[in-house]
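Visitor: Take a look at the following structure, please.
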């Protein structure tokens, strides 16, 4: 394995997908590049993991974004992943950074129950009380304070 890379070898022009089919094709192509790079990542960063495990983690990362349907969001995710790929394969990262990205827990939007919100002392969805309907002018407020 060659540990020295040529940065331009992995550079790609920023491409924006016009259709969902095109975005899907680009996502699959990018996934395959990540998948094929697993052994090289292990060699470059001296990771103590098997290629199968690295591929499993990469698959989880891609599957975590499977629910995204907005074309603009998909394009952003593809551009960011392409950038991560280039930085990773050019050894512009430390091994801890690579493993931090792969091992980071995959979190989705979690719904809190009513009791969890209650225990925290807040409920963002609560109905806010209406105004009292009594209006005081500044003069009345000042006179109330001076009493």
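Residue numbers (the numbering used here): 74 to 220. By construction, the Cβ of each residue, glycine as well, lies at the ideal position given by its N, Cα and C atoms.
#1: Residue 157 to residue 189, Cα distance in whole Å?
#2: Label residue 179 either buried or exposed according to how many other C-beta atoms from any shown protein chain fall within 10 Å of its C-beta, with 16 as the threshold for buried.
#3: Starting from residue 154 and walking both ways along the alpha helix (DSSP H), at which residues does that stretch end?
#4: For a quick check, are the C-beta atoms of residue 111 and residue 131 less than 8 Å apart?
#5: Please go through the same chain and pick out, in chain order, the residues whose beta-carbon is closer than 8 Å to the beta-carbon of residue 96, but skip the five residues on each side of it.
#6: Report the rounded CA-to-CA distance for residue 136 versus residue 126, giving the unit in angstroms.
#7: Let me know the secondary structure DSSP gives residue 122 once reduced to three states.
#8: Is the CB-CB distance between residue 172 and residue 120 below 8 Å?
#9: Considering only C-alpha positions, which residue in the set 194, 175, 193, 161 is nearest to residue 128?
#10: DSSP three-state label for residue 140, please.
#11: If we call anything under 8 Å between Cβ atoms a contact, is residue 160 one with residue 166?
#12: With 16 other CB atoms within 10 Å as the buried threshold, where does residue 99 fall?
#13: Please classify residue 155 as buried or exposed, where buried requires at least 16 other C-beta atoms within 10 Å of its C-beta.
Guide: So, from the data block:
#1: Near 36 Å, if we compare the C-alpha coordinates of residue 189 and residue 157.
#2: Answer is exposed; the Cβ neighbour count stays below 16.
#3: Judged by DSSP secondary structure, residue 154 falls within the alpha helix (DSSP H) whose first and last residues are 144-162.
#4: Taking 8 Å as the cut-off, the beta carbon of residue 111 is found closer than this to the beta carbon of residue 131.
#5: So the list reads 90, 144, 147, 148, 151, once near-sequence residues are dropped.
#6: So the alpha carbons of these two residues sit roughly 15 Å apart.
#7: Coil.
#8: In this structure, residue 120 lies closer than 8 Å to residue 172 by Cβ.
#9: Ranked by Cα distance from residue 128, the first of 194, 175, 193, 161 is 175.
#10: Residue 140: coil per DSSP, three-state reduction.
#11: Yes, they are a contact pair.
#12: Residue 99 comes out buried.
#13: Answer is buried; the Cβ neighbour count reaches 16.
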